[in-house]
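Colleague:
Numbering (UniProt numbering), first residue to last: 1 to 402.
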């Protein structure tokens with residue numbers, strides 16, 4: 001396929017496989033469930049439209065993601081609305097439209113209490129899960145704890161529950177999503193044991209339990225969707241009726257991560273005293289905008305050009321004029337030449353729509369469907385960038401402050 005690099009390629013067949021894996025696991029272990037996709041993980045409109053076509057809901061964490069999901073075909077009642085930054089206007093629309101809303105801030109709690117007459121069984125409370133219940137190797141943020149949800153240990157969760165009951169909201173869900181390092185089954189066992197304690201302590205019959213995301217997916221050597229959902233059910237089925245309490249999951253990386261590749265080309269090679277510098281037309285911004293990855297799945301496609309053969313390790317670098325745009329180091333035995341393609345595999349999560357238009361702009365995105373290729377996002381050009389970052393009319397804003 002003769003397409004100018006860099007570009008992302010989504011394998012639709014692999015994407016469908018990942019979706020079906022979680023759908024089948026839910027159907028087997030907790031049929032009364034809601035499968036939602038984490039929009040922030042990859043908010044490309046084609047991806048959202050695909051999820052909508054598969055009857056998966058959109059899990060959003062901002063007013064903008066909510067509105068984008070609506071543009072991509074989701075109705076309000078097909079959206080799970082999370083995060084602590086919900087705006088009042090969007091909250092009103094979500095309440096009236098019967099979106100699932102997980103309360104995660106004081107201001108939205110007050111709004112819900114003031115508008116209790118709009119609430120049905122679509123409200124939930126995010127619980128701040130304490131880090132001490134996990135193994136140290138499973139999580140980060142051990143010192144400061146997780147930043148989301150209401151803490152039971154401080155008494156705040158109990159007050160939220162009582163405040164909801166005072167206005168007649170006695171049926172609500174519980175949200176327990178946490179970020180983990182290991183993504184192990186032990187993480188979900190710990191979460192659900194804690195959820196069980198909360199349910200028993202306050203004698204709750206939750207309308208749903210939202211366990212969040214953070215799963216592995218598309219990696220045969222890692223825990224499977226079935227093992228995750230089986231673990232969750234095993235811990236919870238003795239405190240809730242799985243026929244009446246829904247299970248909500250919010251996978252993102254597990255769905256989109258493994259089915260995307262970034263195609264890049266080697267632009268230049270030069271030998272320094274220590275290594276061989278290999279400059280590509282991609283950037284770490286494209287595949288690791290958080291600058292945390294230690295290694296990558298990749299392959300090299302040779303184009304027949306002669307390599308430098310310096311006998312030194314190869315430092316694969318991005319196009320940016322930033323010295324720290326270093327993607328990975330390859331052994332000196334690896335042969336790389338100008339024009340060769342380096343394809344980074346399994347890079348669909350927090351990549352396509354997270355890395356910003358810096359120095360060079362967003363690359364195109366293609367979808368592979370059997371033997372056909374569809375361009376679903378054009379590369380961003382200078383005109384696009386100019387229009388995006390320049391107001392149509394430079395105008396003043398009246399300053400009423402004295």
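Just so you know, even glycine gets a beta-carbon here, dropped at the ideal spot from N, CA and C.
Is the Cβ-Cβ distance between residue 22 and residue 251 less than 8 Å?
Modeller: Stepping through the chain shown from its first residue, residue 22 is reached at position 22. Stepping through the chain shown from its first residue, residue 251 is reached at position 251. Yes.
Colleague: Between residue 133 and the rest of its own chain, which residues show a CB-CB distance below 7 Å, the 5 nearest in sequence each way excluded?
Modeller: Indexing the chain shown from 1 puts residue 133 at position 133. Excluding positions up to five away in sequence, the list reads 190, 194.
Colleague: Using 10 angstroms around the beta-carbon of residue 303, count the other beta-carbons present and answer buried if the total reaches 16, otherwise exposed.
Modeller: Here residue 303 is taken as the residue at index 303 of the chain shown, counted from 1. Exposed is the call here.
Colleague: Measure the alpha-carbon distance for residue 169 versus residue 96 and round it to whole angstroms.
Modeller: The residue you call residue 169 lines up with position 169 of the chain shown. The residue you call residue 96 lines up with position 96 of the chain shown. If you take the alpha carbons of residue 169 and residue 96, they lie about 16 Å apart.
Colleague: Where does the unbroken beta strand (DSSP E) through residue 264 begin, and where does it stop?
Modeller: The residue given as residue 264 occupies position 264 in the chain shown. Residues 260-271.
Colleague: Could you give the residue range of the alpha helix (DSSP H) that holds residue 199?
Modeller: The residue labelled residue 199 in the question sits at position 199 within the chain shown. Residues 185-201.
Colleague: Going by Cα to Cα distance, which pick from 353, 161, 75 is closest to residue 124?
Modeller: Within the chain shown, residue 124 is the residue found at index 124, counting from 1. That would be 161, whose Cα lies nearest to the Cα of residue 124.
Colleague: Apart from the five residues just before and just after residue 109, which ones in its own chain have a Cβ nearer than 8 Å to its Cβ?
Modeller: What you label residue 109 is simply residue 109 of the chain shown in a count that begins at 1. Counting only Cβ-Cβ distances below 8 Å, and skipping sequence neighbours, we find 103, 160, 163.
Colleague: Helix, strand or coil: which one does DSSP assign to residue 129?
Modeller: Numbered from its first residue, the chain shown carries residue 129 at position 129. Residue 129: coil per DSSP, three-state reduction.
Colleague: Can you tell me the Cα-Cα spacing of residue 210 and residue 270, whole angstroms?
Modeller: Your numbering for residue 210 matches position 210 in the chain shown. Your numbering for residue 270 matches position 270 in the chain shown. Their backbone Cα atoms lie some 52 Å apart in a straight line.
Colleague: Who are the near neighbours of residue 119 in its chain, counting only those whose CB is closer than 6 Å to its CB and skipping five residues on each side?
Modeller: Position 119 of the chain shown, counted from the start, is the residue given in the question as residue 119. 169.
Colleague: Assign residue 359 to one of two classes, buried (16 or more other C-beta atoms within 10 Å of its C-beta) or exposed (fewer than that).
Modeller: Locating residue 359 in the chain shown gives position 359, where the first residue counts as 1. Exposed, since its Cβ has fewer than 16 Cβ neighbours within 10 Å.
Colleague: Should residue 376 and residue 367 be called a contact, given that it needs their Cβ atoms to be closer than 8 Å?
Modeller: Position 376 of the chain shown holds residue 376. Position 367 of the chain shown holds residue 367. Contact flag set, yes.
Colleague: Any idea which residues DSSP pairs residue 36 with across the strands?
Modeller: Walking along the chain shown from the start, residue 36 turns up at place 36. BP columns for residue 36 point to 57.
Colleague: Which residue wins for smallest C-alpha separation from residue 12, given the options 31, 2, 51?
Modeller: Counting from one through the chain shown, the residue named residue 12 turns up at place 12. Of the listed residues, the one whose Cα sits closest to residue 12 is 51.
Colleague: Which residue's Cα is closest to the Cα of residue 80: 58, 72, 232, 258?
Modeller: Counting from 1 along the chain shown, the entry for residue 80 is found at position 80. Minimum Cα distance to residue 80 is reached at 58.
Colleague: Flag this pair as touching only if the segment 310-329 and the segment 251-261 have three or more C-beta atom pairs under 8 Å; answer yes or no.
Modeller: With a cut-off of 8 Å, the segment 251-261 and the segment 310-329 do not count as touching, because too few Cβ pairs lie within range.
Colleague: For residue 278, name the three-state secondary structure that DSSP assigns.
Modeller: Indexing the chain shown from 1 puts residue 278 at position 278. Note: residue 278 maps to strand in three-state DSSP.
Colleague: Grab me the residues of residue 36's own chain with a C-beta within less than 6 Å of its C-beta, minus the 5 sequence neighbours each way, in chain order.
Modeller: Counting from 1 along the chain shown, the entry for residue 36 is found at position 36. Contacts found: 57, 59, 80, 250.
Colleague: Taking residue 353 as the reference, which of 340, 225, 288 has the closest Cα?
Modeller: For the purposes of this step, residue 353 is identified with residue 353 of the chain shown, where counting begins at 1. Among 340, 225, 288, the Cα nearest to that of residue 353 belongs to 288.
Colleague: Considering just the uninterrupted stretch of the alpha helix (DSSP H) at residue 359, what are its terminal residues?
Modeller: The residue given as residue 359 occupies position 359 in the chain shown. Taken as a continuous stretch (DSSP letters only), residue 359 belongs to no alpha helix (DSSP H), as it is neither H nor E.
Colleague: Can you have a look at residue 85 and say buried or exposed, based on whether 16 or more other CB atoms are within 10 angstroms of its CB?
Modeller: Taking the first residue of the chain shown as position 1, residue 85 is located at position 85. By the neighbour-count rule (16 or more Cβ atoms within 10 Å), residue 85 is not buried but exposed.
Colleague: So is the beta-carbon of residue 156 under 7 Å away from any non-hydrogen atom of the ligand ZN?
Modeller: Although the ligand ZN was asked about, the structure shown includes no ligands whatsoever.
Colleague: Under a Cβ-count criterion, where at least 16 other Cβ atoms within 10 Å of its own Cβ denotes burial, should residue 317 be classed as buried or exposed?
Modeller: Mapped onto the chain shown, residue 317 falls at position 317. By the neighbour-count rule (16 or more Cβ atoms within 10 Å), residue 317 is buried.
Colleague: Can you tell me the Cα-Cα spacing of residue 33 and residue 26, whole angstroms?
Modeller: For this step, residue 33 is matched to residue 33 along the chain shown. For this step, residue 26 is matched to residue 26 along the chain shown. Their backbone Cα atoms lie some 7 Å apart in a straight line.
Colleague: Looking only at its own chain, which residues have a Cβ that is under 8 Å from the Cβ of residue 223, when we skip the five neighbours before and after it?
Modeller: Counting from one through the chain shown, the residue named residue 223 turns up at place 223. 183, 184, 185, 215, 216, listed in sequence order.
Colleague: Below 8 Å CB to CB, which residues in the same chain sit around residue 14 once its five sequence neighbours on both sides are set aside?
Modeller: The residue labelled residue 14 in the question sits at position 14 within the chain shown. Excluding sequence neighbours, residue 14 sits near 218, 258, 259.
Colleague: Closer than 8 Å by C-beta to residue 204: which residues in its own chain qualify, once you throw out the five before and the five after it? Chain order, please.
Modeller: The count along the chain shown starts at 1 and reaches residue 204 at position 204. The residues are 161, 174, 198.
Colleague: Tell whether a beta-carbon distance below 8 Å holds between residue 265 and residue 279.
Modeller: Taking the first residue of the chain shown as 1, we reach residue 265 at position 265. Taking the first residue of the chain shown as 1, we reach residue 279 at position 279. The answer is no: Cβ separation not under 8 Å.
Colleague: Starting from residue 341, trace the alpha helix (DSSP H) in both directions and tell me its first and last residue.
Modeller: Here residue 341 is taken as the residue at index 341 of the chain shown, counted from 1. Not the alpha helix (DSSP H): residue 341 falls in the beta strand (DSSP E), residues 341-345.
Colleague: Please classify residue 212 as buried or exposed, where buried requires at least 16 other C-beta atoms within 10 Å of its C-beta.
Modeller: Sequence index remark: in the chain shown, residue 212 carries index 212 (1-based). Buried, by the Cβ-count rule.
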